[in-house]
Amino acid sequence: MSTPLLISTWSFSLPIIEAEFPRLATPRSALDVVEACARSAESDESIDSVGFGGLPDREGRCTFDAAVMKSPSESGS
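Oh and the sequence shown: position 67 is 347 in my numbering, straight run, nothing missing.
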């Protein structure tokens with residue numbers, strides 16, 4: 281069995297990954313854990329680049345960037 285791994289490019293995500301990583305040892309799928317990480321980042325108002333803490337779009341609305349693709353026929357945001 282391979283060792284689970286979560287990778288991120290931004291420092292603000294480290295606490296999120298540390299909180300979610302233990303859940304990889306539970307019956308939840310890795311995709312569930314990745315989705316939970318994205319939801320945590322988008323709902324944290326202290327993160328100023330994505331989600332509720334991010335800048336509004338050109339219409340002045342808060343929009344979200346996360347998308348997940350499991351296969352060519354299974355994707356969503």
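Glycine included, C-beta positions come from ideal geometry on N, C-alpha and C.
Asked, Found
"Straight-line CA distance for A299 to S320?", "10 Å"
"If you run the structure through DSSP and keep just helix, strand and coil, what is E325?", "coil"
"So, L311 versus F301, is the Cβ gap smaller than 8 Å?", "no"
"Once you ignore the five residues that flank L332 on each side, which residues in its own chain have a CB closer than 8 Å to its CB?", "Per the sequence presented here, residue 332 reads as Phe, with Leu not at that position. Cβ within range, chain order: E322, S323, D324, E325, C342."
"State buried or exposed for S293, treating a residue as buried only when at least 16 other CB atoms are found within 10 Å of its CB.", "buried"
"Would DSSP call S309 helix, strand or coil?", "coil"
"If you draw a straight line from the C-alpha of A316 to the C-alpha of S329, how long is it?", "18 Å"
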